[in-house]
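A short write-up of the structure that comes next.
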Amino acid sequence: MALVERGSAVEALVGHLAECALGGARVVAVAGGPASGKSCLLDLFADRVADSGALLLTASGSRGEREIPFGALRQLAAGLPPAEGDFVDRVIAAARERSVVLAVDDVQHLDGDTLGLLARVRAEAVGLPVLLVVTDWEPLSGPLTAHADHRLRLGLLTETGVAELLRAELDDDTAAAAYHRTTGGNPLLLHALIADNRSDPAAAEPGLAFRQAVVACLHRWEPRLLAVARALAVLETWSSPAALAELTDQTEAVAARLTGVLTSAGVLVGWRLRHEAIRDAVLGGLTPTESARLHLRAARVLHQRRARPVDVARLVVASGEVDDQVLDEWVVDVLRAAALDAIATDRGEFAVRCLELVLPMTTGRVRAQTAADLAGAVWRHNPADLLCLSEVDPVTALRFTLWHNDPERPTEDAGLALANEWIRGCRLPTRVSTSWERASAALMPGLTRGALGEVVANAEQVLHGCPLGDRTVEVLAAAVTGLMLADRVDLAERWCVKLTAAAEQRRATTWLALLGAVTAEVELRQGAVRSAYATAQRSLDLLPARSWGVLIGLPLATMIAADTAMGITDSPALREVVPDNMGDTLIGARYLRARGHHYLASERVLAAIADFQACGRVVTAAGADLPGLVPWRTDLAEAHLRFGRRRAAMHLARGQSELPAAAAQHTRARTVRVFALAGHQPIRLLQEVTESFRACGDRYSAAVAMAELSAAIAARGDTARARRVAKSAADEATACGVGGLLDRVPTRRGDPNDHTATTLSDAEHRVANLAALGHTNREIAHKLFITISTVEQHLTKIYRKLGVRRRADLHAGLAVHSGRVADLGRSPVR
12 MALVERGSAV EALVGHLAEC ALGGARVVAV AGGPASGKSC LLDLFADRVA DSGALLLTAS
72 GSRGEREIPF GALRQLAAGL PPAEGDFVDR VIAAARERSV VLAVDDVQHL DGDTLGLLAR
132 VRAEAVGLPV LLVVTDWEPL SGPLTAHADH RLRLGLLTET GVAELLRAEL DDDTAAAAYH
192 RTTGGNPLLL HALIADNRSD PAAAEPGLAF RQAVVACLHR WEPRLLAVAR ALAVLETWSS
252 PAALAELTDQ TEAVAARLTG VLTSAGVLVG WRLRHEAIRD AVLGGLTPTE SARLHLRAAR
312 VLHQRRARPV DVARLVVASG EVDDQVLDEW VVDVLRAAAL DAIATDRGEF AVRCLELVLP
372 MTTGRVRAQT AADLAGAVWR HNPADLLCLS EVDPVTALRF TLWHNDPERP TEDAGLALAN
432 EWIRGCRLPT RVSTSWERAS AALMPGLTRG ALGEVVANAE QVLHGCPLGD RTVEVLAAAV
492 TGLMLADRVD LAERWCVKLT AAAEQRRATT WLALLGAVTA EVELRQGAVR SAYATAQRSL
552 DLLPARSWGV LIGLPLATMI AADTAMGITD SPALREVVPD NMGDTLIGAR YLRARGHHYL
612 ASERVLAAIA DFQACGRVVT AAGADLPGLV PWRTDLAEAH LRFGRRRAAM HLARGQSELP
672 AAAAQHTRAR TVRVFALAGH QPIRLLQEVT ESFRACGDRY SAAVAMAELS AAIAARGDTA
732 RARRVAKSAA DEATACGVGG LLDRVPTRRG DPNDHTATTL SDAEHRVANL AALGHTNREI
792 AHKLFITIST VEQHLTKIYR KLGVRRRADL HAGLAVHSGR VADLGRSPVR
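Mapped onto the numbering used here, the consecutive letters of the sequence shown carry residue numbers 12 to 841.
Here's what the structure looks like:
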């Protein structure tokens, strides 16, 4: 084992031995805190004594042998040569022949008889070369060390010493500061930490060896030291000599002395244990019952000292139980006060634990209020765990079951009524008093009238004036949705970021889940397909499925729509179980719409029609027929077009265009797209649709419209332009995280009998295909048994007919020429 920062102490002892040899008995006391290296120092000095030729007598004190008379004397006498007389006489006789060194480790544990003989040796060996070296703890334990001729104190290792030891043991001192912070320079703890991190020295993470060393370090001292360390571990910042004395049944003087010992051992800094691993180690040896008893006693001590309720409650909660011995009124008051403080400071988990402990201890009105507080704290983090609703009054319980059940009765809670309108489309009769409540109540009527300017103003008033809370989170989500439906997706995105940051700061899991689902919907409207899917998945994972109630349809609808856009024909989101009553809500209508488009993409047209028709029935019955939210008419029209029912599709599109609620640019673009797909001026209208979607910030819908425009242009014979538009569509889709878009867009073919100057001959086709695959002119000539000059002539004609200028564009040009627009999304493979 490397000797670090102890060399001077060894040399000092050797110096005392040399001086002693000149004649003159002396006592040297080596003192230090627990595990400071006193025994190791004594061993090193013993080796030097053996080399010097002096007679070495050794002994080690033991707590277990302290009551045995002359227990340590037998160890010392074993090294003496045979002689007449008692122990002292034999030592003096040996000292007349040569120097005698008596090295006694842990002198504080020696029996009284042996200590008496050592005192006689010191007194009677005057003028003889007798050196008595003893190690003792701090403060010194008795007169032998208190009146020693010389004292050596072993302190904790410095950071420089720690670095030196790391270089010797690990050949790496880069983490010396971390090792020193964790161990305080205690050699025993330092060697244990090194053992825990030999495979990764830079980690400096305490492990099993470190925790065992902490316990061993404390056990080396008197038993009360571990008790004081445990008291410090639970009292933390409220530690003081008086509090420690009361908790450990000691006097304040003893408590102060023992904290000094812990400080000298490096495990205590101020009144706090140095590292969490030390705290875990000292408490780890307790049984659950012992731990509970200690924490509850500490809670009583803190309460009597007028500590903050949250500090007292922390100890009660940490105990894990409240037994009959502490069912005092102060426990109820403390836990309730701490819970309310935790709710106000957004520490919901702690509030829940406090209220769960106090609920069985209350009755009457206090119990009802406690149950209501508990329901609110639980709902913010996991609505599925609301087992206490039976204790809550029916009016309060309405709020916590809103996601699961339709209230169906009037309420004085305006936030509840406005939230229910967003979820189910029907507002409960209620009074609105604040300006943000009036603005929120005007959102749905404004959308129905197509008054988009009013909707944006009201939504912003809600978002600026309504505080984020348990009773308002749905209202704020509705305001963000209103901005999106009014073509202000930029503002919707900005508010999503702001609200989510506030929810994260307040650690409200339920808020984060709902706001995440709304954020995903906004991202999907912007065309960020993959990002929308990921955001919806994260929000879904924040809560168990049973916690979502009917609102589970919100993230699932986004995930299904994203899967459809990415060409996934069997969305995993469709396998999620949804509540039976979700289908009659506006959330359910959005889910049905997403599922209908998924069916449409996989050619299950009749199933899609059924879902779109169900959407229409739900929103109409709810009085919320908003094409911006659920454009079921144009969805149904698109399905009819798959069967060639152009007249039915046009009728549905016209019906939607006549609604005041269809005033938003995004909604109008959907309607115009149906007219274009039905064959009414497709090129002009699809150009208009593309620009409208771009103006609304919907990049993916713009990409789809461009792909359809490419097919329409190709059907008119303008292959060069069709190719350019198709490539733009593919690039835009890729930017949205969608590949293979052109595979899923229906193509338009011209009359196969209409041969024009743009049609390739069979020979030109063969050359073009080989060139598109990357073959050189020489390779093409060799494969087709023609000259290189003929290949060059064919390529000149091919470039002109396809409207391309480079060999790299042949793949896209051939796709447009042949009507295979989907091929534009594939790269040529040689």
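All C-beta atoms, glycine included, are put in the ideal place defined by N, C-alpha and C. Please read all numbers here as calculations on a predicted model, not as lab measurements.
Take His-120, set aside five residues on each side of it, and the residues of its chain with a beta-carbon closer than 7 Å to its own are Gly-72, Ser-73, Arg-74, Arg-77, in chain order. An exposed status is given to Ile-799, since fewer than 16 other beta-carbon atoms sit within 10 Å of its beta-carbon.
Taking every protein chain shown into account, the CB of Gln-315 has fewer than 16 other CB atoms within 10 angstroms, so this residue is exposed. Under the DSSP definition of a beta bridge, Ala-42 partners with Asp-147, Arg-164. Runs of the beta strand (DSSP E) lying entirely within the region 278-317, each at least 3 residues long, are absent. Here Leu-33 carries a coil assignment [DSSP, helix/strand/coil]. In the structure shown, the three-state DSSP call for Asp-116 is strand. Under the 10 Å beta carbon count, Lys-794 is surrounded by fewer than 16 other beta carbons and is classified as exposed. Between the region 450-464 and the region 665-673 there are three or more C-beta pairs closer than 8 Å, enough to call the two in contact.
According to DSSP, Ser-71 shares a beta bridge with Asp-116. Just measuring C-alpha positions, the residue of Leu-305, Phe-98, Val-533 sitting nearest Arg-710 is Val-533. A Cβ-Cβ separation of about 5 Å places Arg-285 in contact with Gly-195 under the 8 Å criterion.
Burial is judged here by how many other beta carbons sit within 10 angstroms of a residue's own beta carbon; Glu-719 has at least 16 and is buried. Short of 7 Å from the beta carbon of Trp-414, and not among the five residues preceding or following it, lie these beta carbons of its own chain, in chain order: Pro-394, Trp-559, Gly-560, Val-561, Leu-562. For Gln-624, the enclosing alpha helix (DSSP H) starts and ends at 616-632.
A distance of 8 Å or more separates the beta carbons of Leu-510 and Leu-535. Bounds of the alpha helix (DSSP H) holding Ile-694 are 693-707. If you draw a 10 Å sphere on the C-beta of Leu-663, you find 16 or more other C-beta atoms in it, and that means buried. Shortest Cα-Cα distance from Val-491 to any of Arg-517, Asp-481, Leu-525 involves Leu-525.
The residue from Ala-572, Asn-592, Gly-436 with its alpha-carbon nearest to that of Pro-583 is Ala-572. Proximity to Asp-636 across Ala-621, Ala-648, Gln-667, Leu-611 peaks at Gln-667, based on C-alpha coordinates.
Taking all protein chains shown into account, Thr-730 has 16 or more neighbouring C-beta atoms within 10 Å of its C-beta and is therefore buried.
Between Glu-257 and Val-345, the CB-CB gap reaches or exceeds 8 Å. By the 16-neighbour rule on beta-carbons within 10 angstroms, Gly-457 is buried.
Distance from the Cα of Asp-574 is smallest, within the candidate group Tyr-190, Gly-750, Glu-340, for Gly-750. Assignment of Leu-91 by DSSP, reduced to helix, strand and coil, places it in the coil class. Two segments are said to touch when three or more pairs of C-beta atoms, one from each, lie closer than 8 Å; by this definition the region 769-784 does not touch the region 737-749.
Shown here, Leu-176 sits in a helix according to DSSP, grouped into three states.
Assigned with DSSP and collapsed to three states, Val-137 falls in coil, not helix or strand. In this structure, DSSP gives Val-749 a state outside helix and strand, which the three-state scheme calls coil. Closest in C-alpha terms to Leu-24, from the list Thr-682, Cys-477, Leu-143, Gly-96, comes Leu-143. Gly-359 has its alpha-carbon roughly 19 Å from the corresponding atom of Ser-330.
Short of 8 Å from the beta carbon of Leu-781, and not among the five residues preceding or following it, lie these beta carbons of its own chain, in chain order: Glu-790, Ile-791, Lys-794, Leu-795.
For the pair Arg-449 and Ala-470, the Cα-to-Cα distance works out to about 11 Å. The three-state reading of DSSP puts Val-15 in coil, since its state is none of H, G, I, E or B.
Residue Ala-254 holds the alpha-carbon nearest to the alpha-carbon of Arg-317 among Thr-373, Cys-31, Ala-254, Arg-505.
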